[in-house]
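K.L.:
This is the structure I have questions about; it appears just below.
Number of protein chains: 2
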Amino acid sequence: MARLATIRDVAARAGVSIATVSRVLNGDVPANPVTAAKVRAAAAELEFRPNRLGRGLKIARTRVLGVLIPSLSNPVFADSVGGIQAAARRAGYSVLIAATGYDAEREDAEIESLLSHRVEGLVVTVADADRSAALAKLDRSGTPYELVYNLPEATCRPAVAVDNIAAARVVVSAMIALGHRRIGMIAGRFLASDRSRQRHAGFMAALNEAGLPPGPVIEVAFDDLRLGGGFGSALTGSGRPTALFCSNDLLALAVMGALHDLGLRIPDDVSVAGFDGIGFGSLLRPSLATVVQPARAMGEAAFERLLARLDGAPPAPPLTLPFTLRHGGSLGPAPSPQP
Amino acid sequence: MARLATIRDVAARAGVSIATVSRVLNGDVPANPVTAAKVRAAAAELEFRPNRLGRGLKIARTRVLGVLIPSLSNPVFADSVGGIQAAARRAGYSVLIAATGYDAEREDAEIESLLSHRVEGLVVTVADADRSAALAKLDRSGTPYELVYNLPEATCRPAVAVDNIAAARVVVSAMIALGHRRIGMIAGRFLASDRSRQRHAGFMAALNEAGLPPGPVIEVAFDDLRLGGGFGSALTGSGRPTALFCSNDLLALAVMGALHDLGLRIPDDVSVAGFDGIGFGSLLRPSLATVVQPARAMGEAAFERLLARLDGAPPAPPLTLPFTLRHGGSLGPAPSPQP
DNA sequence: TCGTTTCATGAAAACGTTTCCAGCGTGTCA
DNA sequence: TGACACGCTGGAAACGTTTTCATGAAACGA
Numbered sequence: 355m356a357r358l359a360t361i362r363d364v365a366a367r368a369g370v371s372i373a374t375v376s377r378v379l380n381g382d383v384p385a386n387p388v389t390a391a392k393v394r395a396a397a398a399e400l401e402f403r404p405n406r407l408g409r410g411l412k413i414a415r416t417r418v419l420g421v422l423i424p425s426l427s428n429p430v431f432a433d434s435v436g437g438i439q440a441a442a443r444r445a446g447y448s449v450l451i452a453a454t455g456y457d458a459e460r461e462d463a464e465i466e467s468l469l470s471h472r473v474e475g476l477v478v479t480v481a482d483a484d485r486s487a488a489l490a491k492l493d494r495s496g497t498p499y500e501l502v503y504n505l506p507e508a509t510c511r512p513a514v515a516v517d518n519i520a521a522a523r524v525v526v527s528a529m530i531a532l533g534h535r536r537i538g539m540i541a542g543r544f545l546a547s548d549r550s551r552q553r554h555a556g557f558m559a560a561l562n563e564a565g566l567p568p569g570p571v572i573e574v575a576f577d578d579l580r581l582g583g584g585f586g587s588a589l590t591g592s593g594r595p596t597a598l599f600c601s602n603d604l605l606a607l608a609v610m611g612a613l614h615d616l617g618l619r620i621p622d623d624v625s626v627a628g629f630d631g632i633g634f635g636s637l638l639r640p641s642l643a644t645v646v647q648p649a650r651a652m653g654e655a656a657f658e659r660l661l662a663r664l665d666g667a668p669p670a671p672p673l674t675l676p677f678t679l680r681h682g683g684s685l686g687p688a689p690s691p692q693p
Numbered sequence: 355m356a357r358l359a360t361i362r363d364v365a366a367r368a369g370v371s372i373a374t375v376s377r378v379l380n381g382d383v384p385a386n387p388v389t390a391a392k393v394r395a396a397a398a399e400l401e402f403r404p405n406r407l408g409r410g411l412k413i414a415r416t417r418v419l420g421v422l423i424p425s426l427s428n429p430v431f432a433d434s435v436g437g438i439q440a441a442a443r444r445a446g447y448s449v450l451i452a453a454t455g456y457d458a459e460r461e462d463a464e465i466e467s468l469l470s471h472r473v474e475g476l477v478v479t480v481a482d483a484d485r486s487a488a489l490a491k492l493d494r495s496g497t498p499y500e501l502v503y504n505l506p507e508a509t510c511r512p513a514v515a516v517d518n519i520a521a522a523r524v525v526v527s528a529m530i531a532l533g534h535r536r537i538g539m540i541a542g543r544f545l546a547s548d549r550s551r552q553r554h555a556g557f558m559a560a561l562n563e564a565g566l567p568p569g570p571v572i573e574v575a576f577d578d579l580r581l582g583g584g585f586g587s588a589l590t591g592s593g594r595p596t597a598l599f600c601s602n603d604l605l606a607l608a609v610m611g612a613l614h615d616l617g618l619r620i621p622d623d624v625s626v627a628g629f630d631g632i633g634f635g636s637l638l639r640p641s642l643a644t645v646v647q648p649a650r651a652m653g654e655a656a657f658e659r660l661l662a663r664l665d666g667a668p669p670a671p672p673l674t675l676p677f678t679l680r681h682g683g684s685l686g687p688a689p690s691p692q693p
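Going down the list, the sequences are from chains A and B. If you're matching positions, the first sequence starts at 355 in our numbering and goes up one per residue. If you're matching positions, the second sequence starts at 355 in our numbering and goes up one per residue.
What follows is the structure in structure tokens.
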């Protein structure tokens, strides 16, 4: 690869100083039109592409932002990154991305890596926002960041999310309204996910409100969509739940597949609802009833808030965006009560 | 945000020169153990995080790689990025990511942006690898890059992909073997996608081979998953196709939804097959028959090849990875012939 | 004791920018 | 005609690293 042209090459070719090249190309100072033309011509001929390392070093702004998520394979994260990206591009920012693979232990190292590139700020989704050592470190150093999906309860941290508890309560209440009395939950591991915990809290709240005892709660590993083992037995006995609330859509899809394989019809035998609102849910038949989070908009909002912080605005309180309940064929009336 | 510690601060605190700090922290030269300890202590106390802009500027290597894809919302791209990312992380590389939103016109600008950050190489998926001006420019400048999903036919460009033509032929042949005689195709716009074109070629090849006339071929815009309009009429007449090959899975999912809404049963009335092998396909009921591309492995392979190039290896010929046919409930025997 | 080798360390240059400051030529006004 | 302002331009420093080169001390064999 041929050596890339530097500002010095451009200056030499245009017969001016590098200071002039810089001024012309950055367009800040109205320069002599003929000089400007010479510079621009030289830059074009040499295919000059300003080195952002040099620039960043000098002006101490990189116009790069770091994004950390658990995994790109979950559309809910991919979509939020899409939103972040779109907003960033509009504002002239580039995006450096990292993933933890759902491993909270890796959060710190990945963030360190992003920071070493001197990203101006971070948009992150962590396993557990209240217990995250990485976030604590960010707070200590005053690095601007914005959470997405996480909504800390104990700590006050900048976040864009939906109210997980309220949303879960709404879904479960909808189940109750449809006559369901034995409602179970399939959840990502509570220890590994604040969202899962919060959604469980909403689940319990709705049941309490209605005076119903909780059905079985099954915790599964995040990335383990193959629901084997004890799963079937909890869902097939005579006192089996007639509705299942899943802490996220990926889980819900897996559950629907498993139920199908167990010979249970959805929603005739058992209803299912998810959480997230990934696009595929609505393409399924029956379509997946779920809480729709505005993933893309959340990403965009997070970026905008971050940008405001970078421009000197004071830290804003957490932003809860409205969720919507997507009615779907997977959630139907409870089967008529057995005698 | 407090000013970040520089190597100079560490040197001052440890009572040594910056050269020594650099040497100790990079661990290249075996230094005096006591000095090293002092340096490490100082670095830790100051939470020193080497500035990769300075480093990159000096050594002219950034250990950053650029990734350009059409969109993160398509799992097939998100998954390949996941693979790239994982491999990059293992090799100590960071990933700068950009998306075109399926707009070929934006490819060049996004690549320019990535290059201005002095990424060492690029992994890209473009709309049309043979006609891409952006790729031509990369070739001209000798920038190392690797294509994923694109497999150029007219030009010789480094790529990791599956043989789209062969794969499409296999699917369509499978349809024929199941007794289908009127087979249609739903495709992304040929002008905007080399893959769509190649898969169409495979479709035609299989039909020719069997001496069958092609059924209707419907081109739709890439991101337009709402198949309205003339769609229904082409698929409902008396001479309607009994099987539909879709140029990608997203399209196939939309088609399945539309067919369902038209009152057609899958696969009893009409069979459907896709292309890509996104995970959700197998969760559907009926599950989606499709060509599975090893998305993650393709991303990993692309990174490995790129890394080899960066380490001085000569350009390798395009790598075609094996695809597999995933049998799914959406593809069944042709309905018994009407009298 | 001296020359030589080895080892640890520091000074300084360089990477590619931006920007401050000074200098120069030209035009304007008294 | 002189003083001054103004517009453009160039020199040079600085950003935070790495690395070359030189220096000094200690160790060693003769």
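Yeah, the Cβ is synthetic: ideal placement off N, Cα and C, and Gly gets one too.
#1: Tell me, to the nearest whole angstrom, how far the beta carbon of Leu589/B is from that of Leu419/B; I am working on the premise that it is less than 8 angstroms.
#2: Would you say Glu399/B reaches chain A, if we count a Cβ-Cβ gap shorter than 8 angstroms as a contact?
#3: Is it the case that the Cβ atoms of Ile519/B and Gly556/B are separated by a distance below 8 angstroms?
#4: Considering only residues of the stretch 631-672 of chain B, which uninterrupted beta strand (DSSP E) runs meet the minimum length of 3 residues and lie entirely inside it, listed in chain order?
#5: For Leu616/A versus Gly538/A, is the C-beta spacing smaller than 8 angstroms?
#6: Find the nearest neighbour of Ala441/B within the set Val421/B, Met529/B, Pro570/B, Arg619/B, judged by alpha-carbon distance.
#7: Taking only the alpha-carbon atoms, compute the straight-line gap between Ala314/B and Ala458/B and give it to the nearest angstrom.
#8: Identify every run of the alpha helix (DSSP H) within the stretch 443-471 of chain B, keeping only runs that are complete inside it and at least 4 residues long; order them along the chain.
#9: So with CB distances below 8 angstroms, who are the chain B contacts of Glu406/A?
#10: Expressed to the nearest angstrom, what Euclidean distance is found between the alpha-carbon atoms of Asp462/A and Asp484/A?
#11: Between Pro687/B, Thr674/B, Pro689/B, Ser690/B, which has its C-alpha nearest Leu504/B's C-alpha?
#12: In the DSSP assignment, what are the bridge partners of Pro515/B?
#13: Less than 8 angstroms separating the beta-carbons of Ser434/A and Gly653/A?
#14: Have a look at the DSSP bridge pairing and note the partners of Met712/B.
#15: Grouping DSSP H, G and I as helix and E and B as strand, with all else coil, what is Val624/A?
#16: For my contact list, Arg472/A and Asn405/B are in at a C-beta cut-off of 8 angstroms; report their separation, rounded to the angstrom.
#17: Residues in the stretch 612-630 of chain A with C-beta within 7 angstroms of chain B's C-beta atoms, listed in sequence order?
#18: Quick check on the DSSP output: the beta strand (DSSP E) that includes Val418/B runs from which residue to which?
#19: Taking the DSSP output, what are the residues bridged to Tyr499/A?
#20: Name the chain B residues whose beta carbon is nearer than 8 angstroms to that of Gly436/A?
#21: Under 8 angstroms, CB to CB, which of the residues in the stretch 368-391 of chain A have a partner in chain B?
#22: Which residues of chain A have a Cβ atom closer than 7 angstroms to the Cβ of Arg403/B, listed in chain order?
#23: Tell me the rounded alpha-carbon separation between Met610/B and Arg663/A.
#24: Could you check the C-alpha separation between Asp474/B and Glu399/A for me, to the nearest Å?
#25: For chain B, find out if any of its Cβ atoms is closer than 8 angstroms to the Cβ of Ser684/A; answer yes or no.
#26: Can you tell me the Cβ-Cβ gap for Leu679/A and Ala528/A, rounded? I've got them flagged as a contact below 8 angstroms.
#27: When burial is assigned at 16 or more other CB atoms within 10 Å of the CB, is Ser550/B buried or exposed?
#28: Give a yes or no on whether 8 angstroms exceeds the smallest Cβ distance from Val449/A to chain B.
#29: For Gly410/A, return the contacting residues in chain B, with the cut-off set at a CB-CB distance below 8 angstroms.
#30: Exposed or buried, what is Lys392/B when buried is set at 16 or more other beta-carbons lying within 10 Å of its beta-carbon?
#31: Gly682/A to Val645/A, Cα distance in whole Å?
#32: In terms of residues, what are the limits of the alpha helix (DSSP H) holding Asn428/A?
#33: Would you mind giving the Cβ-Cβ distance between Pro512/B and Ala670/B, rounded to the nearest angstrom? I have them listed as a contact below 8 angstroms.
#34: Nearest CA to the CA of Gly666/B: which residue from Gly496/B, Lys412/B, Pro424/B, Gly436/B?
P.N.:
Inspection of the coordinates gives the following:
#1: The residue given as residue 589/B occupies position 235 in the second sequence. The residue given as residue 419/B occupies position 65 in the second sequence. The C-beta distance from Leu589/B to Leu419/B rounds to 44 angstroms, too long to meet the 8 angstroms contact threshold.
#2: For the purposes of this step, residue 399/B is identified with residue 45 of the second sequence, where counting begins at 1. By this cut-off, Glu399/B is not an interface position.
#3: Taking the first residue of the second sequence as 1, we reach residue 519/B at position 165. Taking the first residue of the second sequence as 1, we reach residue 556/B at position 202. With contacts defined as CB atoms closer than 8 angstroms, Ile519/B and Gly556/B qualify as a contacting pair.
#4: Those beta strand (DSSP E) runs which fall completely within the stretch 631-672 of chain B and span 3+ residues are 643-646.
#5: Within the first sequence, the letter at position 262 stands for residue 616/A. Within the first sequence, the letter at position 184 stands for residue 538/A. Not in contact: Leu616/A and Gly538/A (Cβ atoms no closer than 8 angstroms).
#6: Sequence index remark: in the second sequence, residue 441/B carries index 87 (1-based). For the residues Val421/B, Met529/B, Pro570/B, Arg619/B, the minimum Cα distance to Ala441/B belongs to Val421/B.
#7: Summary: the structure shown does not reach residue 314/B, with chain B confined to residues 355 through 693, and so no result is reported for it.
#8: At a cut-off of 4 residues, the continuous stretches assigned as alpha helix (DSSP H) that sit fully inside the stretch 443-471 of chain B are 461-470.
#9: Counting from 1 along the first sequence, the entry for residue 406/A is found at position 52. Residue identity differs from the one stated: residue 406/A is Arg in this sequence, not Glu. The contacting residues are Ser470, His471, Arg472.
#10: Reading the first sequence from its first residue, position 108 is the one you call residue 462/A. Reading the first sequence from its first residue, position 130 is the one you call residue 484/A. Straight-line spacing of the CA atoms in Asp462/A and Asp484/A works out to 14 angstroms.
#11: If you number the second sequence from 1, residue 504/B lands on position 150. Reading the sequence as shown, one finds Asn at residue 504/B and not Leu. Considering only alpha carbons, the answer is Thr674/B.
#12: Along the second sequence, read from residue 1 onward, the residue named residue 515/B stands at position 161. The residue you asked about is not Pro; residue 515/B is Ala in the sequence shown. For Ala515/B, which the question treats as bridged, DSSP gives the partners Thr674/B.
#13: Start at 1 with the first residue of the first sequence, and residue 434/A comes out as number 80. Start at 1 with the first residue of the first sequence, and residue 653/A comes out as number 299. Judged by beta-carbon spacing, Gly653/A lies within the 8 angstroms limit of Ser434/A, meaning their Cβ atoms are closer than that value.
#14: Any answer about residue 712/B is impossible in this case: the structure gives chain B only from 355 up to 693.
#15: As a first step, residue 624/A is located in the first sequence; it is residue number 270 there, counting from the start. Reduced to three states, the DSSP call for Val624/A is coil.
#16: The count along the first sequence starts at 1 and reaches residue 472/A at position 118. The count along the second sequence starts at 1 and reaches residue 405/B at position 51. Contact between Arg472/A and Asn405/B holds: their C-beta atoms lie close to 6 angstroms from each other, under 8 angstroms.
#17: Correct list: His614.
#18: Here residue 418/B is taken as the residue at index 64 of the second sequence, counted from 1. Per DSSP, Val418/B belongs to the beta strand (DSSP E) from 418-423.
#19: Taking the first sequence and counting its residues from 1, one reaches residue 499/A at position 145. According to DSSP, residue pairing for Tyr499/A in a beta bridge involves Leu476/A.
#20: Stepping through the first sequence from its first residue, residue 436/A is reached at position 82. Ordered by position in chain B, the residues that pass the 8 angstroms Cβ test against Gly436/A are Ser425, Leu426, Ser427, Ala453.
#21: Under the 8 angstroms Cβ criterion, the stretch 368-391 of chain A contributes no residue.
#22: The count along the second sequence starts at 1 and reaches residue 403/B at position 49. Listed along chain A are Glu466, Leu469, Ser470, each with a C-beta nearer than 7 angstroms to that of Arg403/B.
#23: Locating residue 610/B in the second sequence gives position 256, counting from the first residue. Locating residue 663/A in the first sequence gives position 309, counting from the first residue. Met610/B and Arg663/A have their C-alpha atoms roughly 45 angstroms apart.
#24: Numbered from 1 along the second sequence, position 120 holds the residue referred to as residue 474/B. Numbered from 1 along the first sequence, position 45 holds the residue referred to as residue 399/A. Position check: residue 474/B holds Glu in this sequence, whereas Asp was assumed. CA-to-CA, the gap between Glu474/B and Glu399/A works out to about 23 angstroms.
#25: Here the question's residue 684/A lines up with position 330 in the first sequence. No, no contact with chain B.
#26: Numbered from its first residue, the first sequence carries residue 679/A at position 325. Numbered from its first residue, the first sequence carries residue 528/A at position 174. Correct: roughly 6 angstroms between the Cβ atoms.
#27: For the purposes of this step, residue 550/B is identified with residue 196 of the second sequence, where counting begins at 1. Ser550/B is buried by the Cβ-count criterion.
#28: Position 95 of the first sequence, counted from the first residue, corresponds to residue 449/A. It does; some Cβ of chain B falls within 8 angstroms.
#29: For the purposes of this step, residue 410/A is taken as the residue at position 56 of the first sequence. One finds Leu407 in chain B with Cβ atoms closer than 8 angstroms to the Cβ of Gly410/A, taken in chain order.
#30: Taking the second sequence and counting its residues from 1, one reaches residue 392/B at position 38. The residue is buried, with at least 16 neighbouring Cβ atoms inside 10 Å.
#31: Residue mapping note: residue 682/A aligns to position 328 of the first sequence, counting from 1. Residue mapping note: residue 645/A aligns to position 291 of the first sequence, counting from 1. Straight-line Cα distance between these residues: approximately 10 angstroms.
#32: The residue you call residue 428/A lines up with position 74 of the first sequence. Run containing Asn428/A: none; DSSP gives neither H nor E here.
#33: Your numbering for residue 512/B matches position 158 in the second sequence. Your numbering for residue 670/B matches position 316 in the second sequence. So it is a contact: roughly 7 angstroms between Cβ atoms.
#34: Residue 666/B sits at position 312 when you count from the first residue of the second sequence. With distances taken between Cα atoms, Gly666/B lies closest to Gly496/B.
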